[in-house]
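Contents: one structure, followed by commentary.
Protein chains: 2
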Amino acid sequence: MLLLAYRLVETELAQVTEHLRGLGRSESTALQQVLALVLENRGKLLRPTLCLASGLFNHYSTSLLVPMAAGVELLHTATLVHDDTIDGAQVRRGRPTVSSAWGDHTAVMVGDYMLACAAKLVASTRNLRVIDCFAETLRVLCEGEIGQELGAYQLGTSREDYLQRIAHKTAHLFANATECGAILSDAPEPAIQALRKYGLLLGAAFQVVDDILDFTATPEQLGKPVGSDLEQGTLTLPTILFLELGGSESLVRRAWAQPVSRECVNEAVVAIRDSRAVAASLDEARQLATQARQCLDCLPAVPARQALEELVDYVVQRPN
Amino acid sequence: MLLLAYRLVETELAQVTEHLRGLGRSESTALQQVLALVLENRGKLLRPTLCLASGLFNHYSTSLLVPMAAGVELLHTATLVHDDTIDGAQVRRGRPTVSSAWGDHTAVMVGDYMLACAAKLVASTRNLRVIDCFAETLRVLCEGEIGQELGAYQLGTSREDYLQRIAHKTAHLFANATECGAILSDAPEPAIQALRKYGLLLGAAFQVVDDILDFTATPEQLGKPVGSDLEQGTLTLPTILFLELGGSESLVRRAWAQPVSRECVNEAVVAIRDSRAVAASLDEARQLATQARQCLDCLPAVPARQALEELVDYVVQRPN
Chain Z
1 MLLLAYRLVE TELAQVTEHL RGLGRSESTA LQQVLALVLE NRGKLLRPTL CLASGLFNHY
61 STSLLVPMAA GVELLHTATL VHDDTIDGAQ VRRGRPTVSS AWGDHTAVMV GDYMLACAAK
121 LVASTRNLRV IDCFAETLRV LCEGEIGQEL GAYQLGTSRE DYLQRIAHKT AHLFANATEC
181 GAILSDAPEP AIQALRKYGL LLGAAFQVVD DILDFTATPE QLGKPVGSDL EQGTLTLPTI
241 LFLELGGSES LVRRAWAQPV SRECVNEAVV AIRDSRAVAA SLDEARQLAT QARQCLDCLP
301 AVPARQALEE LVDYVVQRPN
Chain X
321 MLLLAYRLVE TELAQVTEHL RGLGRSESTA LQQVLALVLE NRGKLLRPTL CLASGLFNHY
381 STSLLVPMAA GVELLHTATL VHDDTIDGAQ VRRGRPTVSS AWGDHTAVMV GDYMLACAAK
441 LVASTRNLRV IDCFAETLRV LCEGEIGQEL GAYQLGTSRE DYLQRIAHKT AHLFANATEC
501 GAILSDAPEP AIQALRKYGL LLGAAFQVVD DILDFTATPE QLGKPVGSDL EQGTLTLPTI
561 LFLELGGSES LVRRAWAQPV SRECVNEAVV AIRDSRAVAA SLDEARQLAT QARQCLDCLP
621 AVPARQALEE LVDYVVQRPN
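Protein chains in written order, with my numbering: chain Z, 1 to 320; chain X, 321 to 640.
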């Protein structure tokens, strides 16, 4: 059963897809092939859907919202290409990554190329507020990623450190999608702020669930080994709560040992998965989700609001 | 003796430097350290100087031109950080690269962070034309880099292929600097176009000279081994003309052999350096420079014009 949000913006989402395909039709044949690989391999298009649906409360201007939504998705995809390059990932959503197929240099440059195209799409709205907002989102997102990298392997990472990091690296892009959807539909300022806050909280809930799945899902569902955050030294909420609840520090430290021991990682994953930390993390995600839903209370009770409420449940319940 | 262009915009260039330093004063201490490494290690600031000097012909608005010039330099620096990361370079301008000091992940993200800051600086001008122009410049620049990568190791590369590639990867950023300087000073359209074309031709001349130096300079002057373009499979003008003039294809092919043989690279470098290809390449650079200078003829004979003319000579004559 397709979620209401996707049904409400179905036509415009198809136009977003068309915009992205159009980028693959660049002058150079070589670049065309690389972009086709990336842009044909789409995920759930959650961020552009949020952007479009947030525009439904007021003046739904597709000529502004479609390029904006495409820009948001493209920024997200560009960061995935850069992530895969650095992580040396071979496969993303069942297809070879750009770096594994064309090499690291091309992959970094293709990511930059997509950032440039995203900036052009957003600039085409001629709206200075969303242009500014978009550049700030990229800045904050990078700050979050850099913070994660430089703060890796720190047993002292607190719940607050974690929440700030995921706000930066994930939630701000969700907030950018909903806020700019509202701005471009000429929503009144309180609605813009409500939708922005909704995006921030929904994005945080989404990331907490993602971080839980890194322990509870199967490698097939994840498309990568279980516990890969842990292995890379990234302390996510389940691990932080595991330690807060008195879990063994040395178990976590062994999972970080170089060279990586799959056995030690698995041992830590099982201990954390079977501890109360998972349920406590899910509680945190549910609380964030409830707060996200409450942000919508001030908006008119139109189908778009129901659609955004449904997305909250979807984000917390998704199996992978 | 300081060039006239630098003297004319000295105060504003100091403000550009201050803007760049300001970025290093971000909230996170870790990010601050990384940015300080990159942003304290400046080169000749040629691109921001071109931007500022191009604004001198009309309404010289420093509140618009300084952030624009800082954005141009930051975009340039971001691409250098990404290049160094992928090339595995250890040192840039005598200091460790971001990737060698903090790892590849941080380096790619710091490059992205700088792109975001550059976009924010340009957006702060509130001028939609320069915002658009800037995003397009990044797009074209990446297209050039990707083209260079995907077109590597092709003996059939023509002079035209080469000129198009350097237009994309180097000259467009010079053109962006001069064009946006003119736009932000409310220059009349013919002056904007003249300065844009000047930037394109000057940038091309600059790159041809750079590519000649890869054969004729010393490793100390270059800060890297001689012939490194050749070694990486990039056919630049001296090699293209060497082959056009009947030089040995197998000599070039041997320089590409994997694993790299320094001896074979040196043999090819010496053969190309001692051939007529170097003088022919310098002729090409001089022709581009002459054309760049001619673009200025339609501009008023003020000191700024003399400064830009002098930069043409400087670019063609620089020893390293």
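Ideal Cβ placement from N, Cα and C applies to all residues, glycine included.
Source: prediction; values computed, not measured.
- One alpha carbon belongs to residue 122 (chain Z), the other to residue 169 (chain Z), and they sit about 20 Å apart.
- DSSP lists X:412 as the bridge partner or partners of residue 415 (chain X).
- Here residue 12 (chain Z) is near residue 65 (chain Z), since their CB atoms are less than 8 Å apart.
- Interface flag for residue 344 (chain X) against chain Z is unset, since no Cβ pair is found closer than 8 Å.
- Under a criterion of Cβ atoms nearer than 7 Å, the residues of chain Z adjacent to residue 425 (chain X) are, in order, 86 and 149.
- DSSP assignment within the region 240-283 of chain Z yields the following whole alpha helix (DSSP H) runs of 4 residues or more, N-terminal first: 249-256 and 262-273.
- Against chain Z, a Cβ distance below 7 Å from residue 348 (chain X) picks out 143 and 147.
- Between the region 132-147 of chain Z and the region 48-66 of chain Z there are fewer than three C-beta pairs closer than 8 Å, too few to call the two in contact.
- Ranking X:415, X:401 and X:377 by CA distance to the CA of residue 433 (chain X) puts X:401 first.
- Comparing C-alpha distances from residue 4 (chain Z) to each of Z:315, Z:318 and Z:310 shows the shortest one belongs to Z:310.
- Under the criterion of beta carbons closer than 8 Å, residue 514 (chain X) and residue 616 (chain X) qualify as touching, at roughly 7 Å.
- A check of alpha carbon separations from residue 239 (chain Z) across Z:267, Z:28, Z:223 and Z:127 identifies Z:267 as the nearest.
- Assigned with DSSP and collapsed to three states, residue 100 (chain Z) falls in helix.
- Shortest Cα-Cα distance from residue 358 (chain X) to any of X:509, X:420 and X:523 involves X:420.
- Around residue 135 (chain Z), the beta-carbon contacts reaching into chain X at under 7 Å are 436, 439, 440 and 443.
- The continuous alpha helix (DSSP H) containing residue 517 (chain X) extends over residues 509-536.
- Contact of residue 388 (chain X) with chain Z is not assigned, every C-beta pair being separated by 8 Å or more.
- Per DSSP, residue 407 (chain X) is one residue of the alpha helix (DSSP H) stretching across 382-407.
- Judged by beta-carbon spacing, residue 179 (chain Z) lies beyond the 8 Å limit of residue 165 (chain Z), meaning their Cβ atoms are not closer than that value.
- Contact with chain Z is found for residue 402 (chain X), since one of that chain's Cβ atoms lies less than 8 Å from the residue's Cβ.
- Against chain X, a Cβ distance below 7 Å from residue 162 (chain Z) picks out nothing, because the smallest value is about 15 Å.
- In the three-state reduction of the DSSP assignment, residue 431 (chain X) falls in the helix class, which pools H, G and I.
- By the 16-neighbour rule on beta-carbons within 10 angstroms, residue 211 (chain Z) is buried.
- In the structure shown, the three-state DSSP call for residue 505 (chain X) is coil.
- Taking one beta carbon from each stretch, the region 183-192 of chain Z and the region 219-227 of chain Z have fewer than 3 pairs nearer than 8 Å; the two do not touch.
- Per DSSP, residue 379 (chain X) lies in no alpha helix (DSSP H) and is assigned neither H nor E.
- Remark: C-beta atoms of residue 177 (chain Z) and residue 200 (chain Z) do not approach each other more closely than 8 Å.
- Under the DSSP assignment, residue 137 (chain Z) falls in the alpha helix (DSSP H) whose first and last residues are 128-150.
- Fewer than three beta-carbon pairs drawn from the region 53-61 of chain Z and the region 83-97 of chain Z are found closer than 8 Å, and the two stretches are therefore not classed as touching.
- Not flagged as an interface residue toward chain X: residue 72 (chain Z), since no C-beta distance is shorter than 8 Å.
- For residue 473 (chain X), there are no C-beta contacts with chain Z under 7 Å, since the nearest C-beta of that chain is about 12 Å from it.
- Closer than 8 Å to the CB of residue 42 (chain Z) there is not a single CB belonging to chain X.
- Taking the Cα positions, residue 231 (chain Z) is about 21 Å away from residue 276 (chain Z).
- Residues of chain Z with a Cβ closer than 7 Å to the Cβ of residue 433 (chain X) are, in chain order, 139, 142, 143 and 146.
- Secondary structure of residue 345 (chain X) (DSSP, three-state): coil.
- Residue 111 (chain Z) and residue 79 (chain Z) have their C-alpha atoms roughly 7 Å apart.
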